[in-house]
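Chemist: Encoded as structure tokens, here's the structure I'll be asking about.
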Amino acid sequence: MSVVTSLSALEEDSPQEFDVDGTEIVLVRTEGEVHAIGAICTHAQVPMVDGDVEDCGLECYMHGSVFDLRTGEPRSLPATEPLPVYPVTIDGDDVLVDVANPITKES
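Residue numbers for the sequence shown follow the numbering used here, beginning at 1459 and rising by one.
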């Protein structure tokens, strides 16, 4: 786990990009939770930080695919591959992310 930022520095529904131990991630504070998701769209290889947050999803600005912030799964085409999601822990005002252990879908 690495301390990435402070909870107070994350604005609601405003994605922010960070480099965590060489892994580019986007943090999103929404609906009372903080989510860490891969920073590059799996469809068009564009930055997810520029997308809009809606209904616990992050939309890629280029072609409109929406990725679920909890699972990384695309909710809409053209993207078909999920984004990685990472465990987030809040410790006081610190936001910690574990990029070494991405969350995987249970079979």
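Quick reminder that beta carbons are idealized off the backbone N, C-alpha and C, glycines included. In this text, all values refer to a predicted model and were calculated from it rather than measured experimentally.
May I ask you to verify whether the region 1549–1558 touches the region 1497–1513, counting CB pairs closer than 8 Å and requiring at least 3?
Modeler: The region 1549–1558 vs the region 1497–1513: no contact.
Chemist: What is the C-beta distance between glutamine 1474 and leucine 1465, in whole angstroms, given that I count them as a contact (C-beta under 8 Å)?
Modeler: Rounded, the Cβ-Cβ distance is 12 Å, inconsistent with contact.
Chemist: Which whole-angstrom value is the C-beta distance of glycine 1530 and proline 1540, which I expect to be below 8 Å?
Modeler: Confirmed, Cβ separation roughly 4 Å.
Chemist: Can you tell me where the beta strand (DSSP E) holding valine 1507 begins and where it ends?
Modeler: No beta strand (DSSP E) holds valine 1507; DSSP gives it neither H nor E.
Chemist: Nearest to cysteine 1514 by alpha carbon, out of Thr1562, Ile1495, Thr1481 and Val1461?
Modeler: Ile1495
Chemist: Cα separation between histidine 1521 and cysteine 1499?
Modeler: If I take the Cα positions, the gap works out to 10 Å.
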